[in-house]
């Protein structure tokens, strides 16, 4: 096996660069490290490029602009549906919803507005359109 198909294990924290709010973290030792196989597009390309030269225990902090992270906000990913299509407990802003796609996948969204007739649901990634900070450390590397 080459380095290209050997997994690297990371502990990382992803946060919104504007308000420092943590979106994801597995820094707690009780949580499993994230497994990333270089060349498999499993993590942001800028991080993937760094992994082959990093050593176990080495930590990096990157600021990624929206185009290097979760991309722009896609207007078409915000849908308005009849409020009657939502279960009662999901009829409030902030509620998390899931919906099937045409190819039998599931897409997650957030209810952003509700009125008497309609609900507006945003299916964009929560960090779309944002600059993020990623702090990560290599915890295991077989090569």
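Residue numbers (the numbering used here): 7 to 149. Here a beta-carbon is modelled for each residue, glycine too, at the ideal position from N, C-alpha and C.
- Within the segment 51-98, the runs of beta strand (DSSP E) that reach at least 3 residues and sit entirely inside it are, in chain order, 65-70, 84-88.
- Boundaries of the beta strand (DSSP E) harbouring residue 115: 112-120, taken from the DSSP string.
- When DSSP states are grouped into helix, strand and coil, residue 124 belongs to the strand group.
- By the criterion of a C-beta distance shorter than 7 angstroms, residue 69 is surrounded in its chain by 23, 137, 139, once the five residues flanking it on both sides are discounted.
- Rounded to the nearest angstrom, the gap between the Cα atoms of residue 96 and residue 79 is 23 angstroms.
- Linking residue 75 to residue 41 through their CA atoms gives a straight-line distance of about 18 angstroms.
- Contact between the segment 120-132 and the segment 83-94 is present: 3 or more CB-CB pairs across the two stretches fall below 8 angstroms.
- Remark: C-beta atoms of residue 118 and residue 99 approach each other more closely than 8 angstroms.
- With 16 or more neighbouring CB atoms inside 10 Å of its own CB, residue 115 falls in the buried class.
- With fewer than 16 other CB atoms across the displayed protein chains lying within 10 angstroms of its CB, residue 62 is exposed.
- Boundaries of the beta strand (DSSP E) harbouring residue 102: 102-106, taken from the DSSP string.
- Within the DSSP bridge table, the entry for residue 145 names no partner.
- CA-CA distance, residue 104 to residue 110, rounds to 12 angstroms.
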